[in-house]
Amino acid sequence: MNQINNLLTKWYFPLSLKYISLIAYIVLIVVGLTAYSTDAAFINQLRNTNLGNLIVWSYWWPAIVIGAIFFGRIWCMVCPVEIITTFFAKIGLKRKRTAWLLSGWAITAFYIIILFVGIQGFAIHRNPFFMAIYLLAIVGVSILVGSIYEKNTFCRYVCPVGYLLGLYSRLAFFGYRAKNKNVCDTCKDKSCIHKKYQYNLNYKSCGVDLYPATITDNSDCILCAGCMKTCSKYQSEPNANRPNPQFTQIGFANDLFRLKPLKMAEMVFVLVVSGFVISEIWSEWTVTNRLLAYFPDMIIKPLALNNKLLIGFIKGSVIFAIFPLIIWLFPFLISRLTGATLKMKDYFLNYGIAFVPIIAAAHLDKAILKSTSRIPYFKHLFDDVSGVSTAHKIIDGQIVIKQMPFGLNFVVSILLTLVIVAGVWLSIMVVKRLNQKQNFEKTGVPNYLIPVVYGSIFLIMILAWRWF
Ligand code: SF4
Ligand code: SF4
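Numbering of the sequence shown is given in the numbering used here, commencing with residue 5 and proceeding in unit increments.
Now the structure itself:
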């Protein structure tokens with residue numbers, strides 16, 4: 005750990021990694037833009053043969069989810085968008101953030117737009133061209149937000165990727181904290197939050213409104229190490245214990261068990277993600293994939309709709325809002341019927357965090373599935389980075405993609421099952437502690453339906469699909 009902290013005080017770390025990832029980001033966009041198609045059957049192959057799309061959704065995205073669950077927001081440490089938005093904030097208007105931005109609703113709204121317009125409307129998770137447009141849109145919004153608002157507004161108050169990773173990093177073994185709070189209490193220069201260093205690009209005070217001495221969870225720190233660098237460099241009275249902020253071991257799921265309630269905007273975000281991961285996992289198996297389409301089709305078919313965006317909106321509303329809302333409400337209604345007095349708002353804000361470990365486990369399962377199932381495509385990737393010709397050859401039968409070896413398939417099945425079981429177990433622990441905290445040990449028993457019902461949605465599907 006000392007070596008990592010030492011490295012973080014150096015001028016070139018993590019800055020150099022951000023420049024490398026910026027180059028990679030540009031390359032992935034360019035490669036994605038080379039493969040335009042709207043033919044659904046063709047895109048079904050192209051999504052795995054286009055280098056940009058394959059790397060972004062089958063390796064980059066799974067890697068940052070896995071990274072967040074075990075180590076915290078380490079993607080944010082190397083994210084190129086952070087330097088772009090910070091640069092534009094330096095030369096921009098530096099307006100005060102509005103209350104709406106600070107409330108967290110901007111993140112939730114941006115995420116809902118990505119799901120409804122991006123995923124449902126343009127299939128950005130499958131279509132390489134629209135994946136590239138999506139990456140460009142993220143940069144565009146970060147430039148716009150950076151140009152208007154003060155400090156780093158995008159990374160904390162707009163970026164849904166960062167917020168999702170912050171949520172998962174409540175499970176991480178590691179965190180970014182001040183070593184010794186007394187050092188901060190007696191510090192005169194407070195260089196970690198000093199205005200003078202606010203718009204530096206590397207040795208900078210905190211742009212996301214954190215004060216290292218009061219950080220108690222991983223949710224918001226983007227691990228830029230700016231405060232560590234300023235704390236080390238701009239000491240008005242030299243102190244051997246500085247830099248005081250450090251990356252440190254905090255213990256698995258430490259932040260989750262702090263049981264910090266969600267804010268209203270965060271709760272809506274978590275609710276929508278809880279529906280999204282159901283669709284992510286259920287779409288992997290033909291049986292559950294058909295089930296997923298069944299209820300939206302009950303509305304779409306009788307109306308004979310053919311507007312793509314409207315169909316996407318209806319599907320999105322059922323899968324990302326109505327399904328999860330029913331699942332979230334079920335334990336609450338049972339507990340009310342059995343005499344509990346907990347108000348609905350308090351239930352949603354407090355017990356909402358019990359969904360987080362299962363959501364993270366489902367996302368981890370998706371990451372395992374994506375990264376392993378795409379291995380057979382690697383052989384053909386670098387001969388044809390756009391993937392257009394390879395996709396044609398697969399459709400024509402000139403290239404046959406091999407099945408995953410039995411041994412790997414078996415290991416994947418074991419991992420998928422264990423990960424969900426671990427998520428359910430953590431969720432049970434969270435409910436137990438929440439019931440203790442709220443003195444609901446007796447009346448709070450129905451709240452265990454959160455892990456039971458929500459966990460079963462994944463566990464039963466995985467058992468039926470992978471084992472029976
Ligand atoms: S983190 Fe460093 S600069 Fe900030 S208050 Fe603590 S000792 Fe001072
Ligand atoms: S607390 Fe430090 S490392 Fe975290 S975001 Fe702020 S400046 Fe960066």
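For each residue, glycine too, the CB sits at the ideal point set by N, CA and C.
Can you name, in chain order, every residue of its own chain whose Cβ lies under 7 Å from the Cβ of leucine 97, other than the five neighbours on each side? Ser151 and Ile152
Give the straight-line distance between the Cα atoms of alanine 297 and glutamine 124, rounded to the nearest whole angstrom. 12 Å
Starting from proline 249, trace the beta strand (DSSP E) in both directions and tell me its first and last residue. 249-253
Find out if the Cβ-Cβ distance for the pair glutamate 284, alanine 366 is shorter than 8 Å. yes
Do arginine 437 and phenylalanine 261 have their CB atoms nearer than 8 Å? yes
Cβ pair serine 209, glutamine 202 closer than 8 Å: yes
For glycine 401, which three-state DSSP category applies? coil
Is it buried or exposed for tryptophan 15, if we count other Cβ within 10 angstroms and need 16 for buried? exposed
Quick check: what's the CA-CA separation for alanine 103 versus glutamate 270? 15 Å
If you draw a straight line from the C-alpha of glycine 144 to the C-alpha of glycine 411, how long is it? 44 Å
Secondary structure at alanine 468, three-state DSSP: helix, strand or coil? helix
To which residues does DSSP link arginine 99 through a beta bridge? Tyr153
To the nearest angstrom, how far is it from the Cα of cysteine 235 to the Cα of threonine 190? 13 Å
C-alpha distance - isoleucine 111 paired with asparagine 443, whole-angstrom precision: 33 Å
Cysteine 191 Cβ short of 7 Å to ligand 1 heavy atom set: yes
Using a Cβ-Cβ cutoff of less than 6 Å, which residues in the same chain neighbour phenylalanine 75 once the five nearest sequence positions on both sides are dropped? Ala176 and Phe178
If you measure between the beta carbons of serine 173 and alanine 257, is that distance less than 8 Å? no
Nearest neighbour of isoleucine 137, chosen from Ile403, Tyr29 and His384 [CA to CA]: Tyr29
Supposed close pair asparagine 52, tyrosine 381 - CB separation, criterion 8 Å: 5 Å
Within the structure, which residues are defined as neighbours of ligand 2 by a Cβ-heavy atom distance below 7 Å, reported in chain order? Tyr180, Cys196, Lys208, Ser209, Cys210, Gly211, Val212, Leu214, Pro216, Ile219, Cys225, Ile226, Leu227, Cys228, Ala229, Gly230, Cys231, Met232 and Pro249
DSSP on glycine 448, reduced to helix/strand/coil? coil
Asparagine 222 beta carbon less than 8 Å from that of methionine 135: no
Throw me the rounded Cβ distance for the cysteine 225 and tyrosine 180 pair, which I believe falls under 8 Å. 5 Å
Are the segment 313-333 and the segment 230-248 touching by the rule of at least three beta carbon pairs closer than 8 Å? no
Starting from the Cα of valine 274, find the closest Cα among Lys22, Val34, Met5 and Ile362 and give me that residue. Ile362
Candidates Gly279, Phe352, Leu430 and Asn413, of which the one nearest phenylalanine 120 by Cα: Gly279
From serine 107 to isoleucine 128, what does the alpha carbon distance come to, in whole angstroms? 28 Å
Taking Cβ positions, are leucine 3 and isoleucine 466 nearer each other than 8 Å? The first residue shown for the chain is 5 and the last is 472, placing residue 3 beyond what the model contains.
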